[in-house]
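Working notes, beginning with the structure itself.
2 protein chains.
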Amino acid sequence: RLCSQKNMPDQNSFASRTHACGEMRCTHIGEQVTICGWIQYQRHGLFVILRDFSGLIQILIPQDASAGHLKKTLYDLPLESVVRVTGNVVPRPPGQENSEMPTGEIEVQARDVEVLNICKKLPFEIKDFVKKSEALRMQYRYLDLRSVQMQYNLRLRSRMVMKMKEYLCNLHGFVDVETPTLFKRTPGGAKEFVVPSREPGRFYSLPQSPQQFKQLLMVAGIDRYFQVARCYRDEGSKPDRQPEFTQVDIEMSFVDQAGIRKLIEGLIQYSWPEDKGQIGVPFPSITYSEAMQYYGIDKPDTRFEWKIIDISEGFRNTDIGFLRDALSKPEGSVRAICVPDGAKHLKSKDIEFLRKDSRAQFNQEVTVVALKPDGTWKSPLSKLLTEEQKHLLCQATQAKAGDLLLLTAGEHEPVCRALGKLRLQCAELLESRGVAVRDSSAFHFLWVVDFPLFLPKEDEPDKLESAHHPFTAPHPQDALLLYTQPDKVRSQHYDLVLNGSEIGGGSIRIHNAELQQYVLEKILKEDKRLLSHLIEALDSGAPPHGGIALGLDRFIAIIVGAPSIRDVIAFPKSYRGRDLMSNAPDFVAAEDLVPYHISVAWPAVSQ
Amino acid sequence: RLCSQKNMPDQNSFASRTHACGEMRCTHIGEQVTICGWIQYQRHGLFVILRDFSGLIQILIPQDASAGHLKKTLYDLPLESVVRVTGNVVPRPPGQENSEMPTGEIEVQARDVEVLNICKKLPFEIKDFVKKSEALRMQYRYLDLRSVQMQYNLRLRSRMVMKMKEYLCNLHGFVDVETPTLFKRTPGGAKEFVVPSREPGRFYSLPQSPQQFKQLLMVAGIDRYFQVARCYRDEGSKPDRQPEFTQVDIEMSFVDQAGIRKLIEGLIQYSWPEDKGQIGVPFPSITYSEAMQYYGIDKPDTRFEWKIIDISEGFRNTDIGFLRDALSKPEGSVRAICVPDGAKHLKSKDIEFLRKDSRAQFNQEVTVVALKPDGTWKSPLSKLLTEEQKHLLCQATQAKAGDLLLLTAGEHEPVCRALGKLRLQCAELLESRGVAVRDSSAFHFLWVVDFPLFLPKEDEPDKLESAHHPFTAPHPQDALLLYTQPDKVRSQHYDLVLNGSEIGGGSIRIHNAELQQYVLEKILKEDKRLLSHLIEALDSGAPPHGGIALGLDRFIAIIVGAPSIRDVIAFPKSYRGRDLMSNAPDFVAAEDLVPYHISVAWPAVSQ
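Residue numbers (my numbering), protein chains in the order written: chain S, 1249 to 1855; chain E, 1249 to 1855.
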């Protein structure tokens, strides 16, 4: 039996079949087999194609009179009915092999059939090429999951998670510890679901991550912790966010940043699916400020170049007013990206849209230089620059005929952010026109490090808030700055980026109680009582520690090339947070709320 | 390095140590090592005992003048401070070995020390023999978890779960699928926590198990599903119940009861901890009615005999009024258990308590026969029975001098239940007096099968409710009874019992929509609209399927011999559902409830 091969699971153990539909090959010819599956289609009164999780197999219906009952049974069944067939594996007649089908060289000559269930209702056909609306797919998720793609996605996810656990637990001694999801509300935790308890006015909260628990486990001497942790975030309606999601949560003691990075590189390499090619380690690394400078974003998509280039030097003595103004500002610069073949493929309408968007979002004017096929310029700058200046600019940006240059000038950050966004927008536009910009089968991992520890608060820019969370340790080189210029302190936070998406983040944590208290009280002005148990814990022998969390849903979605994380979650919620199959959330009888001491505050009906 | 041994995880990878404290042996003598750990104790100005998750190691402080600083640093540190020590592994001087300590033949001669954190606060000593109150343990759980026992419990749990996953995923092709925990409220789901959503009046519910999802995954063709699933149950204050708990949840298609049982026996055997001895498979099996008849309970503790014996025959022609009355009832019988040495160890006070309890709980009069050392009877029956009758009774129950016979008479069920309870109570009483009744290192697994499918509703005994849940399939032999005498139908439910505790339960499910609808509508009188999506699913090609769920917390607690499941959960709630460390659940600001359209209904202050 194929399934008894080394390292292959026995997928037929304990079941009333001998083989899975898709696993049979020439080597099975002559064997009597029993298989179970769904009727995919019937044809010519002669064949039934049976499907299970492993694939398709052709059943040959005997045509002799004695088998009339068998033929009638099999052939009259509605599609998607479930049968058990016993028969012999035979080669297909020469010329009738199907090379598109892994089982295409054989068929099963039916000798006996048992109808296990008749399909009576089918809102859509179970064929991958049949397009279904998202709402219909969600309402009949149990049918949608029968598709080849969804079976592949869920099975790949399961296998990868298993490999991750092997790596962490079996190879590196990590301990899988479950942490509570009914916990205390984080002060200001606006995105936390509340869960009423039976004590009047008291609520649990569904935490956004096990952050506190993983750190407490280090204080507890667990040394190495991991958990595939369910997390919760109530963000209302946001596309591609789920109210509950999963992270691979990791923390270890006596480790530094380099250690965590090596651990994660090993983890991903070990669990990487075979059919997705090789990935190299170590992953490249870039500082936050480099990422901003070259890509205008903290999660650069490094599958393509088009870096942001500082062309300020070329305009030091310029007469062009807006460039001169920009350069006179502190941290003022002129920067550009070169979109290869951009002039060839982008229309004036596209360019108008991009300029408008940049203005609206970043308050940045974009100046465009289109290099015509003969190398001449189409640009408002054209008349303002000398041929030599143009030549120097093309040299700096490596622009050639057919390319498009996008320039902005002003303060460092908005200039970079605007160009960073234009870089991604232009890549998408070109790809939508059929130009190959990014290799869709490539996987570019990137560490982003040296983030700022604090950022100005959005609504009170005089005050600081944690860029990530208040437990992040400062960069050792900036330790003293903490007491003088906290806004200049870099952190020991690191993000893992894959193809321009953040798939993980973590940090070395503060393990010193005094430092933690200073950060909470003096810098963040938090009420220290709210986290007093954590301070106490640090004071009772906390080891140095650090960790990371990988966003499993997004990570898997990128690997399988799914457009949404909903395609790698068995039963996702709609973007409005609804389960369209069961119609959750739903109304609850008032008396069911009594034990929880809450009542519904119905909003006044607005005119 | 020890850790590079085959099949042993490398517990020092990526960390700033070369070895764990407890792993060093004679073979390491001569090596320079770096270890990190907590100061367990100091002695004689000469030694520091360092501890980490792996055990203890003795650090030898050099006594030469040049190492004065090192000595001062190490020796002045408070207990539980965290240090990194570099030094050489040396043999202990002859005669100073400690055979109690796995590392007792060696010590580490310190050459360098780095203080990583100073312990400033310690509400109790980290020594296993120091008794702490449960409340103090919970408040400082991060210290409590440093104990040898808690480290053992959590690590054994992690390893067992890992082995289970290997067995299911790698050996048998199960797919690990995560199912939602924000779901729709089950009608009448009084034990489900509600989670308010941002839609006025609509609530999610935290489900008690993924029952619906696992069945839908079978309809979806996943074929074999498992999940280590977080489940929720709001039972208010119950000892040894947790508001969130974990089950190993399993479902497969095209399987029968025997298949599931073999699967689970293999799972437990594969994941069984090496240090807990061997377990044999297959596990013995007993029907529900046999369990009731012989043990008076549906989860018999088979580590000891003391079976219930039907002694009705001996009293067929009795003149004793209450026995004659009992036997004249339908299903009336006289039964007994024999407690070996019971007369020797149980006092009249004990027996009075037992009789009173039996009367209160089961309305059963217990008649006691104490066999004195000389074999004579001390019993109210003594004068009423002939010597021959006495002899026959002793023969039937195998009672001998020093034993205690407990008799009850009446209807079958209360008689058995009362004796079943007495059996357990007497075992506990004898054990509390130091009599060995049950082997505390023995593990007796037992399948209980052929449960009734329905039971009379507690408050409306004319109506039926599901004994387990409405998706349980009827026993094939009783299929037709369903339409005539549903109360007589046995189910395809099975329970797995370990040492008298139910550690798992499952069933073959109904996969036929019409049958499911009949059960829901005609027998259970449920509103069919509430489960219409499940009926629809069964009608769209549901395969035959069945499954099981193992209660992981209790299973692990029994294996490690913990008195409570709180000892195998890292951060448990108190019996009142509180987290004593963070003080959850807690009050929430009224404005934080506004987005959820709920308000607190404060109970009126009672006089």
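Cβ coordinates follow ideal geometry from the N, Cα and C atoms, glycine included.
Buried versus exposed call for residue i [16 or more other C-beta atoms within 10 Å across all chains shown]
i, result
"Tyr1844/S", "buried"
"Tyr1415/S", "buried"
"Phe1379/S", "First, the amino acid is wrong: residue 1379/S is Lys here, not Phe. Burial call: exposed."
"Ala1268/S", "buried"
"Pro1548/E", "buried"
"Pro1428/S", "buried"
"His1317/S", "exposed"
"Asp1312/S", "exposed"
Contact set for residue i: own chain, Cβ-Cβ below 8 Å, skip 5 residues either direction
i, result
"Val1467/E", "Ala1785, Leu1786, Ser1788, Gly1789, Ala1790 and Pro1791"
"Ile1527/S", "Ile1516, Gln1517, Trp1520, Phe1691 and Phe1693"
"Arg1583/E", "Ile1556, Ile1557, Asp1558, Ile1559, Ser1560, Leu1655, Thr1656, Ala1657, Val1663, Cys1664 and Leu1667"
"Asp1488/S", "Ser1812, Ile1813, Arg1814 and Tyr1823"
"Ile1846/S", "Pro1444"
"Val1848/E", "Ala1838 and Leu1841"
"Ser1302/E", "Gln1259, Ala1268, Cys1269, Gly1270 and Glu1271"
Residues near residue i in its chain [Cβ-Cβ closer than 7 Å; skip 5 each side]
i, result
"Ala1618/E", "Ala1591, Lys1626, Ser1627 and Leu1652"
Reference residue i, options the options, closest by Cα
i, options, result
"Gly1752/S", "Thr1282/S, Ile1277/S and Glu1513/S", "Glu1513/S"
"Glu1440/S", "Asn1255/E, Val1836/E and Asp1573/E", "Val1836/E"
"Phe1377/S", "Tyr1390/S, Met1398/S, Glu1769/S and Leu1294/S", "Met1398/S"
"Ser1739/S", "Lys1773/S, Leu1772/S and Phe1702/S", "Phe1702/S"
"Ala1684/E", "Lys1770/E, Pro1428/E, Pro1588/E and Ile1307/E", "Pro1588/E"
"Leu1640/E", "Asp1482/E, Gln1306/E and Gly1562/E", "Gly1562/E"
"Tyr1452/S", "Asp1504/S, Gly1437/S, Leu1419/S and Leu1629/S", "Gly1437/S"
"Glu1279/E", "Thr1334/E, His1317/E and Ser1261/E", "Thr1334/E"
"Arg1671/E", "Ile1305/E, Thr1550/E and Gln1637/E", "Thr1550/E"
"Pro1621/S", "Pro1851/S, Ala1649/S, Leu1594/S and Leu1744/S", "Ala1649/S"
"Ser1264/E", "Glu1362/E, Gln1609/E and Cys1586/E", "Glu1362/E"
"Glu1426/S", "Asp1840/E, Pro1851/E, Leu1841/E and Val1816/E", "Val1816/E"
"Ser1319/S", "Leu1571/S, Gly1421/S, His1292/S and Glu1328/S", "Looking at the sequence shown, residue 1319/S is not Ser but Lys. Cα-wise, what sits closest to Lys1319/S is His1292/S."
Nonlocal neighbours in the same chain, by C-beta distance under 6 Å from residue i, ignoring five residues either side
i, result
"His1276/S", "Val1337"
"Ile1568/S", "Leu1632"
"Ser1501/S", "Met1466, Asp1471, Pro1791 and His1793"
"Thr1634/S", "none"
"Pro1857/S", "Lying outside 1249 to 1855, the shown extent of chain S, residue 1857/S is not represented and no answer is given."
"Phe1422/S", "Leu1416, Arg1472 and Phe1474"
"Pro1851/S", "none"
For the region 1377-1411 of chain S, which residues have a CB atom closer than 9 Å to at least one CB atom of chain E, in sequence order? Gln1387, Tyr1388, Arg1389, Tyr1390, Leu1391, Asp1392, Leu1393, Arg1394, Met1398, Gln1399, Leu1402, Arg1403, Arg1405, Ser1406, Arg1407, Val1409 and Met1410
Residues of the region 1503-1517 of chain E in Cβ contact with chain S at a cutoff of 8 Å, in chain order, please. Val1503, Asp1504, Gly1507, Ile1508, Lys1510 and Leu1511
The region 1355-1372 of chain E in contact with the region 1444-1453 of chain S per 3-pair CB rule at 8 Å: no
Residues in the region 1812-1836 of chain E having any Cβ partner in chain S nearer than 9 Å: Ile1817, Ala1818, Phe1819, Pro1820, Lys1821, Arg1824, Gly1825, Arg1826, Asp1827, Met1829, Ser1830, Asn1831, Ala1832, Pro1833, Asp1834, Phe1835 and Val1836
Validate contact between the region 1388-1398 of chain E and the region 1357-1367 of chain E using beta carbons, cut 8 Å, 3 pairs: no
Contact residues within the region 1426-1459 of chain S, judged by C-beta distance below 8 Å to chain E: Glu1426, Thr1427, Pro1428, Thr1429, Leu1430, Phe1431, Lys1432, Arg1433, Ala1438, Phe1441, Val1442, Val1443, Pro1444, Ser1445, Arg1446, Glu1447, Pro1448, Gly1449, Arg1450, Phe1451, Tyr1452, Ser1453 and Leu1454
State whether the region 1793-1804 of chain S contacts the region 1488-1508 of chain S, with contact taken as three or more CB pairs (one from each stretch) at a distance under 8 Å. yes
Does the region 1714-1733 of chain S come within contact of the region 1669-1680 of chain S, defined as at least 3 CB pairs closer than 8 Å? no
Quick one, which residues of the region 1284-1309 of chain E are near chain S if we go by CB-CB under 7 Å, in chain order? Cys1284, Trp1286, Asp1300 and Phe1301
contact_flag[the region 1764-1784 of chain S, the region 1447-1458 of chain S] where n(CB pairs < 8 Å) is 3 or more: no
Name the residues in the region 1843-1855 of chain S whose C-beta lies less than 9 Å from a C-beta of chain E; which are they? Pro1843, Tyr1844, His1845, Ile1846, Ser1847, Val1848, Ala1849, Trp1850 and Pro1851
Contact the region 1402-1415 of chain E vs the region 1453-1462 of chain E: 3+ CB pairs below 8 Å: no
Segment contact flag, the region 1753-1760 of chain S with the region 1704-1719 of chain S, C-beta cutoff 8 Å, min 3 pairs: yes
Residues in the region 1480-1503 of chain S with C-beta within 8 Å of chain E's C-beta atoms, listed in sequence order? Tyr1480, Asp1482, Gly1484, Pro1491, Glu1492, Thr1494, Met1500, Ser1501, Phe1502 and Val1503
Please list, in chain order, the residues of the region 1347-1376 of chain S that have any C-beta partner in chain E closer than 7 Å. Leu1364, Asn1365, Cys1367, Lys1368, Lys1369 and Leu1370
Given a limit of 8 Å on CB to CB distance, which residues of the region 1459-1470 of chain S reach chain E? Gln1460, Phe1461, Leu1464, Leu1465, Val1467, Ala1468, Gly1469 and Ile1470
Members of the region 1777-1794 of chain E that neighbour chain S once the beta carbon cut-off is set at 7 Å: His1781, Glu1784, Ala1785, Asp1787, Ser1788, Gly1789, Ala1790, Pro1791 and Pro1792
What residues from the region 1253-1272 of chain S come within 7 Å of chain E, judged by C-beta to C-beta, listed N to C? Pro1257, Asp1258, Gln1259, Ser1261, Phe1262, Ala1263, Ser1264 and Arg1265
What residues in the region 1593-1619 of chain E have a beta carbon less than 9 Å from any beta carbon of chain S? none
Proximal residues, the region 1649-1670 of chain E versus chain S, C-beta separation under 9 Å: none
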